[in-house]
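Engineer:
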Amino acid sequence: MFSSKTIEQFKNISTPFYFYDMELLKDTLELIQSEASKYGYHIHYAVKANANPKIMRLIQSYGFGADCVSGNEIKRSLETGYSADKIVYAGVGKSDKEILTALETGIFCFNCESIPEIELINELAEQLNKKARIAIRINPNVNANTHHYITTGIEENKFGINRWEFDSVIETLDNSNHIELIGLHFHIGSQITDLSVFKGLCLRINEIQEWFNERKIFTDHINVGGGFGVDYNHPDKNPIPNFASFFSIFDEFLNLKPNQELHFELGRSVVAQCGSLISRVLYVKNGINTKFAILDAGMTELLRPALYQAYHKIENISSNEKSDTYDVVGPICESSDCFGKAVSLPATKRNDLLAIRSTGAYGEAMASKYNLRDIAESVFSNEIL
Ligand code: LLP
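Oh and the sequence shown: position 174 is 169 in the numbering used here, straight run, nothing missing.
(1) Closer than 7 Å: is that where the CB of M294 sits relative to any heavy atom of the ligand LLP?
(2) Grab the span of the beta strand (DSSP E) containing K194 for me, first residue to last.
(3) Going straight from the alpha carbon of A44 to that of N117, what length do you get?
(4) Return helix, strand or coil for F154, following the three-state DSSP convention.
(5) Between the region 364 to 377 and the region 24 to 40, are three or more C-beta pairs nearer than 8 Å?
(6) Assuming the contact rule is C-beta atoms closer than 8 Å, H307 and Y227 should be a hit. Round their C-beta distance to whole Å, please.
(7) Taking DSSP's pairing of strands, which residues face R132 in a bridge?
(8) Any idea which residues DSSP pairs I322 with across the strands?
(9) Buried or exposed for P230, going by 16 or more other Cβ atoms inside 10 Å?
(10) Near R71, what residues of its chain come up, given a Cβ to Cβ distance below 6 Å and the 5 sequence neighbours on each side ignored?
(11) Below 8 Å CB to CB, which residues in the same chain sit around S314 once its five sequence neighbours on both sides are set aside?
(12) For the pair the region 124 to 132 and the region 169 to 189, tell me if three or more CB-CB distances fall below 8 Å.
(13) Would the beta-carbon of T23 fall within 8 Å of that of I235?
(14) Quick check on DSSP: helix, strand or coil for K317?
(15) Roughly how many angstroms separate the alpha carbons of S83 and F287, rounded to a whole number?
(16) Do you know how far the Cα of T10 is from the Cα of N124?
(17) For D16, which three-state DSSP category applies?
(18) Which class does H39 belong to by DSSP, given the choice of helix, strand or coil?
(19) Going by other Cβ atoms of all chains shown within 10 Å of its Cβ, with 16 needed for buried, is C107 buried or exposed?
(20) In the DSSP assignment, the alpha helix (DSSP H) including F241 goes from what residue to what residue?
(21) Taking three-plus beta-carbon pairs below 8 Å as touching, is the region 194 to 211 in contact with the region 248 to 264?
(22) Report the option in I327, I94, N254, S240 whose CA atom is closest to the CA atom of E121.
(23) Can you check which of these residues, V137, V324, N237, L261, is closest to V279 by C-alpha distance?
(24) Closer than 7 Å: is that where the CB of A97 sits relative to any heavy atom of the ligand LLP?
(25) Out of S185, L380, S191, N237, which one is the CA nearest neighbour of Y303?
(26) If you draw a straight line from the C-alpha of S(-2) to the C-alpha of E359, how long is it?
(27) Helix, strand or coil for P234? Go by DSSP, reduced to three states.
(28) Should the region 216 to 226 be regarded as contacting the region 158 to 168, the criterion being three or more beta carbon pairs within less than 8 Å?
(29) Taking the C-alpha atoms as reference points, what is the distance between S271 and A31?
(30) DSSP beta-bridge partners for V374?
(31) Report the three-state DSSP secondary structure of V64 (helix, strand or coil).
(32) The ligand LLP heavy atoms versus the CB of A127: any closer than 7 Å?
(33) Following the continuous alpha helix (DSSP H) through Y303, name the residue where it begins and the one where it ends.
(34) Closest by CA to L119, which one among V276, N172, P135, V266?
(35) Where DSSP assigns a beta bridge to V276, which residues make up the other side?
Shown next, in the form of structure tokens:
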């Protein structure tokens, strides 16, 4: 919901643009901080969700670490104030150059996704005469029951090390003098709203951890990744996810060893709801059975509907007229460039402003220049209001 003052300001800004409600982001961060500190949990912000430097700086100011998946994300995290000893680095395809950057930086931990990767990190660490701290990313074969493109923790996925490889992992670690195993890492998918999925993850981790402990392998920390979902249907009613319930699941069901730390990599749940994509209607055009509202924003600014058939709430913030039904589409030369079909909106006309909600996560971060489009600007509530 935008105040009339905010909407007045929007009128002067050239569209499309990403708008960030920094007060909401602060409230979200305060809640995460207070709920996580009840249990002493460590939070790494998953930079892939939104790497905008102003967003990243604000998140860092709450003491969070960073979860990175590329050398450039590590660089961006350092530039925006995250300390190297709070950076974790995952990804199935870390390049030699990226691994060297991470080793030179002295990050907290590599989350390793395969045996050949552990071997390469060992080799490169030896060249630099360093010891790399690693966690093994385990594929726990727990189904996140989310969109299949954002499920990562079942055996058919490319992520993590599967159970049948554990013996070989131990052998590899025994032969790797430049590696120190400090953690077990898991991440089973994204936009998970059914908390029982996380309970299932905890129970599976308990079994896996037991397997390692029986073999005298103990780790300083467990990292359970991210994945906590947000309410895309009701961004105003549920602007902040229920972090108290989320963290309490881990407290209740995960068996941590004495002094063992628990780490999280939260992305979407931190930033999704504070962002909206603001766009102008270019044309309203009649189709056979529908009216098209054609926007100046498209899949280049928000890929999620085209890629995952994701739902984002769409609002006409310029009109109070009687509702009509529109297919809300972008200007890109692709039929999948559609934000919503048969969307009920107040009667919509050229130059109306539309807000596409909950775009703070994986909106700006997944922008592209397809069709040689300009990258949209970002606008922050604390700079315009
Ligand atoms: N940790 C790892 C290892 C990950 O792969 C991810 C997300 C996260 C943490 C953060 O997950 P989150 O808390 O944001 O769910 N582009 C997709 C989402 C891809 C998520 C990829 N990994 C989307 O727009 O829905």
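Every residue, glycine too, gets a C-beta built ideally from N, C-alpha and C.
Structural biologist: Reading from the atomic positions:
(1) no
(2) Run containing K194: none in the beta strand (DSSP E); it sits in the alpha helix (DSSP H), 191 to 209.
(3) 29 Å
(4) coil
(5) no
(6) The pair is a contact, with the Cβ atoms about 6 Å apart (cut-off 8 Å).
(7) H180
(8) Here the sequence assigns Asp to residue 322, which means Ile is not the residue at that position. As a beta-bridge residue in DSSP terms, D322 pairs with F287.
(9) buried
(10) Closer than 6 Å at the Cβ level, and outside the excluded window around R71, lie A46.
(11) L340, P341, A342, T343, K344, D347
(12) yes
(13) yes
(14) coil
(15) The identity of residue 83 in the sequence shown is Val, whereas the question assumes Ser. If you take the alpha carbons of V83 and F287, they lie about 45 Å apart.
(16) 51 Å
(17) coil
(18) DSSP places H39 in strand when its eight states are reduced to three.
(19) It counts as buried.
(20) 238 to 248
(21) yes
(22) Ranking I327, I94, N254, S240 by CA distance to the CA of E121 puts I94 first.
(23) V324
(24) no
(25) S185
(26) 23 Å
(27) Three-state result, P234: coil.
(28) no
(29) S271 and A31 have their C-alpha atoms roughly 27 Å apart.
(30) F14
(31) Residue state, collapsed to three classes: coil.
(32) no
(33) 299 to 303
(34) Answer by Cα proximity: N172.
(35) L290
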